[in-house]
Structure formats: C-alpha cells, structure tokens
Ligand code: GRF
C-alpha cells in the first residue's frame, strides 16, 4: 500500500525537515516525504533533502517580478504532485489565499510559540521581553490568517532555567523536533480529524489543541 505522502516547504536550515526525515527511517513510520519545496536556493534543508534522496523544487521568490507570479508558479508546481499533506516547516513566505482554499485542511504549519500567543515573527524575543514562564511550539492547520488556523497540538516548557535567547531557541527546536513528526504521524494514521471546524485527535475534542508532553 502506498504510504501517506508529505511535501515539506522550507526556507532555511531545515532542522525540522530533518526530524521528519529521521522519523521516516523507523520501520513503522506511517508517512514518507515525496518532495521538499524551498523559496530559498541557499536553504540548507535542500542539502538535507539531497543527502536523503528526496526530490526538491526551488522557486526563488527573488527571481519573480511580483508576489502573484511567485504564487502562481508555486501553485503550478504543486498541481503536478500527488500528496496528502503539505507541511510548512520554517517556510518564510505567506501562502496565497487561493492556494490555502484549494488545499484546505491539507496544509499544516509549525509555529514557535504557544498559540494563540505570539503569532508572526520574533516569538522568542517576545517571551524574553514579557518574562513568560512558559514557551513552546504549536502545529496548526493553515487558514487565511497569520498563524490563526485550528490548533492540532502544542508542547511547552518552563523558561525558568533558560537565560538567553539562544538557549530558548535551542529548547524550542528540541521540542519542535518531537512535536512535528508526532503530529504528522497521527495525521498519516487518520487519527486527526478536522470536521465542523473543530479538530479531534483519536476521537477526542481539544478546545485549545492537544498538549504533547515529551
Ligand atoms: C522553526 O522554529 C519553526 O517553528 C519556524 O521556523 C523555524 C524553522 O527552523 N516556523 P528549521 O529551518 O526547521 O531549522
């Protein structure tokens, strides 16, 4: 039987892509990665794809005259592919509304905060500025807003003993690398259901998304 197929969108280092790849090396992994898409030709994640024999597509946004030209090129590329899920793992471009509508409930995003707190950029600085006791990461379905889609799950940690931006970033990555493969596996196994505008995991409804404790 064909495995559940994922396309991963990246823009940079791709450490989260790596965590998804590492999971595929486990015999019971329910998904495979059929392509990596990057808007940045220099993204190290492309190297990770190549090392692991995963095909990739580069659409350098700087080489398009306008945002809409980039968007339609992206749409054309994706139309050619067969897949079950698109995972935005550090993809630093806003996805066009038509694209989101077309692939509704088929795109998820990884965000470095406990949403709905701190949508957008610079989440780690905000946690430091506000002296937050907790920080974390969230995976959500993508809708037309900025990090506003239905939350599937999140993971958090205490910031207490973490005293610098870099260590906060590192700790966030550490939990992201567990959270993202876990949620992708649950989706691939059909255990995440998005119906009537609500998300159910293993048949259970979680108002604020399920907390994953690692
Ligand atoms: C992650 O922190 C993710 O939450 C955010 O971008 C970062 C990507 O890191 N959206 P990497 O490229 O996967 O290392």
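Numbering (our numbering), first residue to last: 43 to 256.
Glycine is no exception: its CB is placed at the ideal position from the N, C-alpha and C atoms.
Computed from a prediction, not measured in an experiment: that's the story for all the values here.
Using a Cβ-Cβ cutoff of less than 6 angstroms, which residues in the same chain neighbour residue i once the five nearest sequence positions on both sides are dropped?
i, result
"residue 195", "181, 225, 251, 252, 254"
"residue 119", "99"
"residue 112", "103, 106"
"residue 228", "234"
Please report the distance separating the alpha-carbon of residue i from that of residue j.
i, j, result
"residue 93", "residue 83", "16 angstroms"
"residue 183", "residue 206", "30 angstroms"
"residue 223", "residue 78", "15 angstroms"
"residue 49", "residue 152", "14 angstroms"
"residue 67", "residue 140", "34 angstroms"
"residue 323", "residue 69", "Nothing about residue 323 can be read from this structure; the chain reaches only from 43 to 256."
"residue 115", "residue 145", "16 angstroms"
"residue 215", "residue 80", "20 angstroms"
"residue 124", "residue 97", "13 angstroms"
"residue 90", "residue 73", "18 angstroms"
"residue 245", "residue 106", "44 angstroms"
"residue 138", "residue 128", "14 angstroms"
"residue 154", "residue 143", "24 angstroms"
"residue 218", "residue 209", "14 angstroms"
"residue 189", "residue 65", "25 angstroms"
"residue 8", "residue 135", "No answer is possible for residue 8: it lies beyond the span of the chain, which begins at 43 and ends at 256."
Per DSSP, what kind of secondary structure is residue i in: helix, strand or coil?
i, result
"residue 170", "helix"
"residue 73", "strand"
"residue 157", "coil"
"residue 253", "strand"
"residue 220", "helix"
"residue 151", "strand"
"residue 196", "strand"
"residue 125", "coil"
"residue 180", "strand"
Is residue i near the ligand GRF, judged by its Cβ being under 7 angstroms from some heavy atom?
i, result
"residue 154", "yes"
"residue 195", "no"
"residue 59", "yes"
"residue 87", "yes"
"residue 132", "yes"
"residue 201", "no"
"residue 52", "yes"
"residue 182", "no"
"residue 7", "Since the displayed the chain opens at 43 and closes at 256, residue 7 lies outside it and no answer follows."
"residue 84", "no"
"residue 186", "no"
Cutting at 8 angstroms between CB atoms, please list the residues of its own chain near residue i, excluding the five before and the five after it.
i, result
"residue 175", "200, 201, 202"
Looking at the C-beta of residue i, does it have a partner C-beta in chain C at a distance below 8 angstroms?
i, result
"residue 49", "No chain C appears in the structure shown, which is made up of a single protein chain."
Given residue i, which residues of its chain have a CB within under 7 angstroms of its CB, disregarding the five upstream and five downstream residues?
i, result
"residue 85", "52, 53, 54, 56"
"residue 221", "179, 181, 195, 197, 254"
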